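Residues 281 to 514 in the numbering used here are what the sequence shown lists, from first letter to last.
Idealized CB from N, CA, C, for every residue including glycine.
Small disclaimer: the values here were computed from a predicted structure and weren't measured.
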Amino acid sequence: MKHTLLIITALLFITSTVIPQSKVNINNLVEYGGKMFKQDDDKPYTGRAFDLYKSTGEKKLEGRYRNGLRTGKWTYWNENGQKESEKTYKDGFVKEVKSLKVSQLVVGKWTLNSVSAEINSKDGEEGNDETERRPFSDLSLSDYSLSLNEDNTFDEMWVTDMGDTTTIAGTWELTGDDLRIHQTLRNGLENDEEHDFEIKVAPTGNMITWSRADDLDGDGDEDDVFKFITYRSK
Numbered sequence: 281m282k283h284t285l286l287i288i289t290a291l292l293f294i295t296s297t298v299i300p301q302s303k304v305n306i307n308n309l310v311e312y313g314g315k316m317f318k319q320d321d322d323k324p325y326t327g328r329a330f331d332l333y334k335s336t337g338e339k340k341l342e343g344r345y346r347n348g349l350r351t352g353k354w355t356y357w358n359e360n361g362q363k364e365s366e367k368t369y370k371d372g373f374v375k376e377v378k379s380l381k382v383s384q385l386v387v388g389k390w391t392l393n394s395v396s397a398e399i400n401s402k403d404g405e406e407g408n409d410e411t412e413r414r415p416f417s418d419l420s421l422s423d424y425s426l427s428l429n430e431d432n433t434f435d436e437m438w439v440t441d442m443g444d445t446t447t448i449a450g451t452w453e454l455t456g457d458d459l460r461i462h463q464t465l466r467n468g469l470e471n472d473e474e475h476d477f478e479i480k481v482a483p484t485g486n487m488i489t490w491s492r493a494d495d496l497d498g499d500g501d502e503d504d505v506f507k508f509i510t511y512r513s514k
């Protein structure tokens, strides 16, 4: 029995010293085609990654990549060194979230899934309310991305089918299920606008449904609903 334990211990020692596990600062990885690579390497990165807070030197996050995609358990800490959350990934997508605040759930990169509108209109002389639900046809996009950053800033970009590109930047604030977007830049120029959304985050943290009261039919009442769904990017 002792002989067997000695052999196992020796094998573990050889594995950890002769074949060390790769570990890099996540900021030294670069993204190509949705996968992470080490600089000057033509193969997607496999190994552990970490990040540190510049202000305190405390560990910020740690996890593992497999073939350039996040996999397994990733752990996140605050600036005081206290663990804040854990996420379990598979093939780059979040599968499980533990001890995560809603404000942290929305942090990340998002892509557009669908856009729709609910138009409330008066029907005839009796003035009965009717709701018409339909895709928002005025919005025809070939590309869209939204980054909600940890420092409560955001960057948004969309490209129409005609090739026109719009970029927006500003700050965001989440109170309960209400997310306020404060837009400060549009196409690099100062632009001061605020928009309030009610959001619903899927339990996995991979999908957000956004809705906003608006006047979409031009009747002077904000009794219509503009709604869209975003999925988390890899």
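Closest by C-alpha distance to residue i, when choosing among the options
i	options	result
residue 510	445, 471, 502, 385	385
residue 443	423, 433, 495	423
residue 445	452, 482, 437	437
residue 357	467, 371, 336	336
residue 469	395, 447, 480	447
residue 257	311, 327, 320	The structure shown does not extend to residue 257, since the chain is modelled only from 281 to 514, so the question has no answer here.
residue 480	503, 454, 494	454
residue 431	393, 374, 383, 324	383
residue 324	330, 307, 347, 331	347
residue 393	426, 338, 459	426
Residue i to residue j span [Cα, whole Å]
i	j	result
residue 407	residue 513	Unreliable placement is indicated for residue 407, whose pLDDT of 47 sits below 50; the coordinate value is still reported in the next sentence. For residue 407 and residue 513, the distance between alpha carbons rounds to 44 Å.
residue 501	residue 491	16 Å
residue 322	residue 345	15 Å
residue 484	residue 353	14 Å
residue 340	residue 362	10 Å
residue 471	residue 452	15 Å
residue 309	residue 318	5 Å
residue 314	residue 499	44 Å
residue 342	residue 369	13 Å
residue 473	residue 462	6 Å
residue 355	residue 497	47 Å
residue 507	residue 493	9 Å
residue 331	residue 306	6 Å
residue 466	residue 398	27 Å
residue 351	residue 371	6 Å
residue 367	residue 464	32 Å
residue 312	residue 489	28 Å
residue 377	residue 482	11 Å
residue 475	residue 459	8 Å
residue 320	residue 338	28 Å
residue 477	residue 316	32 Å
Cβ separation of residue i and residue j, assumed to be a contact under 8 Å, to the nearest whole Å
i	j	result
residue 440	residue 420	6 Å
residue 434	residue 450	6 Å
residue 359	residue 333	5 Å
residue 388	residue 428	6 Å
residue 504	residue 400	6 Å
residue 486	residue 395	Between residue 395 and residue 486 the Cβ distance is about 18 Å, and since that is not below 8 Å, they are no contact.
Where in the segment 324-397 do unbroken runs of the alpha helix (DSSP H), each at least 4 residues long, occur, reported from the N-terminal end onward?
-> Fully enclosed alpha helix (DSSP H) runs of 4 or longer: 382-385.
Completely contained beta strand (DSSP E) runs for the segment 432-473, where each covers 3 or more residues = 433-440, 445-455, 458-466
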